[in-house]
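What follows is a single structure, written as C-alpha cells, with notes after it.
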Amino acid sequence: MLTLFRGNNHPEHPIGPGTMVTVRPAGQRLEHASGGADSAGQLHTGRTLKVEHLDQLGDGKILLVSGGDQLGQYKIPKGQEYAVAAITQSKGRATIIVDPEYAGNLSATLTNLRTKLVSHGYHVESGQIPCSPAVIKSLVDDYQHRISQFGGEEASSSSEWKTLFESIGDIAVRAGASDIHCVCENERGTVQIRIDGELEPLPGKDKGIFTATQLRGAVSWAYTNNVQTGSNTESQFQDDVNASAMIKSRVIDGKKIAMRYQSFRSPTGPKIVCRLLNTDSDAPSRTFEELGYASEHIDLFQEVPYGPPKINILAGITGSGKTTTAQSFWESHPGNGRQAFFSIEDPIELRLKGVHQISFQRNLQDRAGSEREFNGIVMDLLRGDLDAAFIGEIRDRSSGAAAQEIVFTGHMAMGTLHAQFISGIVPRLTDQSIGLNRSVLTAPNVLGLLSYQALVPLLCPTCKIAIQDVGETRFAHGIAGTRYGADMELHRIHHDMAIFETRFDLPRDNFFLRRDGGCNCCRGRGIKGQTVVAEMMIPDERWLQLTREGRDIEAYWHFRSDSDKRFDTSDMRGKTVFEHTLFKAICGLTDPRNVAPFGSFARFAIPGK
Numbered sequence: 001m002l003t004l005f006r007g008n009n010h011p012e013h014p015i016g017p018g019t020m021v022t023v024r025p026a027g028q029r030l031e032h033a034s035g036g037a038d039s040a041g042q043l044h045t046g047r048t049l050k051v052e053h054l055d056q057l058g059d060g061k062i063l064l065v066s067g068g069d070q071l072g073q074y075k076i077p078k079g080q081e082y083a084v085a086a087i088t089q090s091k092g093r094a095t096i097i098v099d100p101e102y103a104g105n106l107s108a109t110l111t112n113l114r115t116k117l118v119s120h121g122y123h124v125e126s127g128q129i130p131c132s133p134a135v136i137k138s139l140v141d142d143y144q145h146r147i148s149q150f151g152g153e154e155a156s157s158s159s160e161w162k163t164l165f166e167s168i169g170d171i172a173v174r175a176g177a178s179d180i181h182c183v184c185e186n187e188r189g190t191v192q193i194r195i196d197g198e199l200e201p202l203p204g205k206d207k208g209i210f211t212a213t214q215l216r217g218a219v220s221w222a223y224t225n226n227v228q229t230g231s232n233t234e235s236q237f238q239d240d241v242n243a244s245a246m247i248k249s250r251v252i253d254g255k256k257i258a259m260r261y262q263s264f265r266s267p268t269g270p271k272i273v274c275r276l277l278n279t280d281s282d283a284p285s286r287t288f289e290e291l292g293y294a295s296e297h298i299d300l301f302q303e304v305p306y307g308p309p310k311i312n313i314l315a316g317i318t319g320s321g322k323t324t325t326a327q328s329f330w331e332s333h334p335g336n337g338r339q340a341f342f343s344i345e346d347p348i349e350l351r352l353k354g355v356h357q358i359s360f361q362r363n364l365q366d367r368a369g370s371e372r373e374f375n376g377i378v379m380d381l382l383r384g385d386l387d388a389a390f391i392g393e394i395r396d397r398s399s400g401a402a403a404q405e406i407v408f409t410g411h412m413a414m415g416t417l418h419a420q421f422i423s424g425i426v427p428r429l430t431d432q433s434i435g436l437n438r439s440v441l442t443a444p445n446v447l448g449l450l451s452y453q454a455l456v457p458l459l460c461p462t463c464k465i466a467i468q469d470v471g472e473t474r475f476a477h478g479i480a481g482t483r484y485g486a487d488m489e490l491h492r493i494h495h496d497m498a499i500f501e502t503r504f505d506l507p508r509d510n511f512f513l514r515r516d517g518g519c520n521c522c523r524g525r526g527i528k529g530q531t532v533v534a535e536m537m538i539p540d541e542r543w544l545q546l547t548r549e550g551r552d553i554e555a556y557w558h559f560r561s562d563s564d565k566r567f568d569t570s571d572m573r574g575k576t577v578f579e580h581t582l583f584k585a586i587c588g589l590t591d592p593r594n595v596a597p598f599g600s601f602a603r604f605a606i607p608g609k
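Sequence positions in the sequence shown follow this note's numbering and run 1 to 609.
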C-alpha cells in the first residue's frame, strides 16, 4: 500500500470511518450517521451529502487498499473504477468509500470487496462513506502515479526489490535453470528453480528462503516496471489475480535472457512462475539431432517443406520443448530467406530468424474482442503474400480455424498443441474448445506432420551406476530413488528388470541408473541435461480413413505397423514415445525409470504378445 495523501488542511471534525456525512452550513458541527445500501446497491442517503474534497476525510495519512480497475487487494470491475474504493487510516481497519449517485448496481462489488478485505485480515467498518467520483479518482490517480514511479513500493524499497529480482534471475541462469518458481505462502517466501526437469532450491546461503514481503516486492517490481509493452494482462501486480506478461530481456553472463511471467492466485498467497528464454537473435538454433530426435524423425521434418501445404502439429505437455523444436524447424527450413514466413504468438517466446513474428495478447475478460482481433490478423496475413505461417499454440476455436484457413488457401501451417501422444491430436483438435470437424480434418491433404514430444533427463556419464552393480541395499550403491523408501525402490528396480527380460527380451545388463548425490561433474544431481523423446508420423490414406470413421484404436495400430517390432534398434518408424525412451535407456542415456510416464512395462502393447 502507498501513502496517498496527508491533508494540509485540518477540518474541525474529520469524518470517522464507516459513517455517512451530513454536511451542515459553514461553522456548524458535522454530524455522523450510519449508512448502508439497499438491495439494488443504491445508498440510503436521504439528506446525507457526499465528501467533495480529500481533506474532509481527515488529516491523517490515507492508504488506498483497493481501487481503480487494476489496483489493490480486490479488482474493481471496469466502469466502477471511480465509484468504489477502500481506504485505511489505521492498521488493520478499512473503510469503503462510494459514489452515492452511481447509476449502476454496486451490490455485488460491495459484497465482494468487503469479503476480500476480510480475507486479507482487515476489519471493515460498517456502512460506506459517500464521496464524489472526483475524490475517488484523485486517490486512484495518485496511487497510479506513485506506483508507476516506484513499482508499488516507496522509492527506498524499489531499488531493493529490483536488486532482489535481478539477483534471483542471475543465480537461476548461471545454474542452468529453465524456470523460476516463486511462492508466497502466508509470511514465508520460497524460490525454486527447475534444472533438467526437476525443481530444487535456489542456490545460495539462504537456499531460496525469503519473507513473503521480500518476494512480493521483487515480483511486483518486475511486473509493474519491467514488462514488454503490451504483454501484460493486468496493469499492476495483484495477489489475487492470475496474470501473465513478458519480462524485458537483459544480458546475463553473455546471454540475452527474457522471462515469460505467469502468476497464480491462492488463499495463502500468489505463486509466480518465470520461464527463462534466451532471446539473442544471434544465438544459433539447435539441430534436430542435438535436440535428441532419431534419424527417422528428422527425415519426416525434412519432408514437410517439399510436400503439399498441410497443418503440421507439434504436440506435448507444457515445458516439453515444442517451441524450441519449432525454432529448429523454421530456421532450418530450405525456404528461409527466400519465402515469406509469418507467426502469430501469444506471447513471442523465442526469436525465429527469417520469420516475421506478430505478438498477440488474448484478453480473458473480453474473449469476443480477442477473437475479432485474432481473426483480423489472420485475414491480414492471407492478404500479405505469405508462404507459410506458425500459429504458436492452437488452443481455441480462432487459432484452430486459422490453421485450417491458412492451409485451405494454399499455405503451409504449423502450430503447437497440448495433447497426449499423436493418438490424442485429432481428439484434441475436434473437442469443444477448438472445434474442428473430424471429417474435414481427415480429408486428403489437410493434416501433415503429427509429432508428440517430451523431455527426459540424461544420466551423468561420469557417475551413472550400471545395473549389475546394484546389490541388495539401495544406500550401499547410492541409487537415486523416490519418496517411497529404499526397500520399495529396490523392489521396483528388480521388478522392472524382470519384465524387461521376459516381456521385452532385453538383458538387464544394458541399463544404468542415476546415482544419488551425483558427482562434481553434474553438480550433485546425477543427471546432466535433457533429451527429446518422440513419436512422429505423416498420415497415409488408411490412417485418415480409420480416424475419419472414429476407429482411433485401429488407426493407432496402423501407425505401429511400420515398426520393425524390435526395442533394441534405432529405427523409430512406427514407434511410440515409450519405445524411443526405452531405446535411450538401453543405450545408457537415461534411467529406465523415466520410461514409466509413457506406459506400463507390464501392460504396454507388444505386437504378437
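All C-beta atoms in this analysis are idealised placements derived from N, C-alpha and C, irrespective of residue type, glycine included. Just so it is clear, the structure is predicted and the values come from calculations on it, not from any experiment.
Query	Result
CA-to-CA distance, Ser399 to Gly337, given in whole angstroms	26 Å
Per-residue burial, Pro334 [other beta carbons within 10 Å of its own, 16 or more giving buried]	exposed
Residues that DSSP places opposite Thr95 in a beta bridge	Ile87
Glu234 (DSSP reduced to helix, strand or coil)	coil
Own chain, CB closer than 6 Å to Leu450, minus 5 neighbours either side, in chain order	Ile313, Ile422, Ile425, Met537
Where His123 sits in the DSSP three-state scheme	strand
In DSSP terms, what Gly254 is bridged to	Answer by DSSP bridge pairing: none, since Gly254 is not bridged.
Alpha-carbon to alpha-carbon, Asn363 and Arg383	25 Å
Within 8 Å, strictly: CB atoms of Leu684 and Leu429	As shown, the chain starts at 1 and ends at 609. That puts residue 684 outside it, with no answer to give.
Endpoints, beta strand (DSSP E) assigned at Lys271	271-278
Inter-residue CB distance, Gln214 and Leu202 (contact presumed, cutoff 8 Å)	Wrong, their Cβ atoms sit about 13 Å apart, outside the cutoff.
Rounded C-alpha distance that separates Glu200 from Val440	46 Å
Spatial distance of Ala413 from Ile180 (CA atoms)	32 Å
Sheet register partners of Leu459 (DSSP bridge)	Ile527
Same chain only: Cβ atoms within 6 Å of Thr323, ignoring 5 sequence neighbours per side	Glu349, Leu350
Neighbour-count burial assignment, Lys207, 16 or more Cβ in a 10 Å radius	exposed
Asn278 beta carbon near the ligand FAD (any heavy atom closer than 7 Å)	For the structure depicted, the ligand FAD is absent and the ligand set is empty, with no information on it obtainable.
CB of Ile606 within 8 Å of CB of Arg503, strictly	yes
Completely contained alpha helix (DSSP H) runs for the segment 188-237, where each covers 4 or more residues	212-225
Status (buried if at least 16 other CB within 10 Å, exposed otherwise) for Gly316	buried
Secondary structure of Ser561, DSSP reduced to three states	coil
Whole-angstrom distance between Met259 and Val118, CA atom to CA atom	34 Å
Span of the beta strand (DSSP E), counted from its first residue to its last, around Leu417	412-417
CA nearest to the CA of Asp516, picked from Ser281, Val241, Thr462, Lys248	Thr462
Cβ neighbour criterion (16 or more within 10 Å) applied to Glu234	buried
Within 8 Å, strictly: CB atoms of Ile97 and Ile136	yes
Neighbourhood of Phe77 by C-beta, 7 Å cutoff - its chain only, sequence neighbours within 5 removed	The sequence shown places Pro at residue 77, rather than the Phe named in the question. Cβ within range, chain order: Thr109.
Whole-angstrom distance between Ser370 and Cys182, CA atom to CA atom	29 Å
Continuous beta strand (DSSP E) assignments of at least 3 residues falling wholly in the segment 269-356	271-278, 311-315, 341-345
Test item: CB-CB of Arg548 and Thr442 under 8 Å	yes
Integer Cβ distance of Ile434 from Ile394, believed to fall under 8 Å	6 Å
Buried or exposed (CB count within 10 angstroms, at least 16 for buried), Glu331	buried
Selected residue, minimal CA-CA separation from Gln80, among Asp99, Arg492, Ile87, Leu544	Asp99
Collapsed DSSP secondary structure at Thr3 in the structure displayed	Per-residue confidence for Thr3 stands at a pLDDT of 34, beneath the threshold of 50, marking its modelled position as unreliable; no derived number is given.
Assigned exposure category for Trp557 - 16 Cβ within 10 Å defines buried	exposed
Cβ-based neighbour list, Gly518, same chain, cut-off 7 Å, excluding 5 preceding and 5 following	Cys460, Cys463, Gly524, Arg525, Gly526
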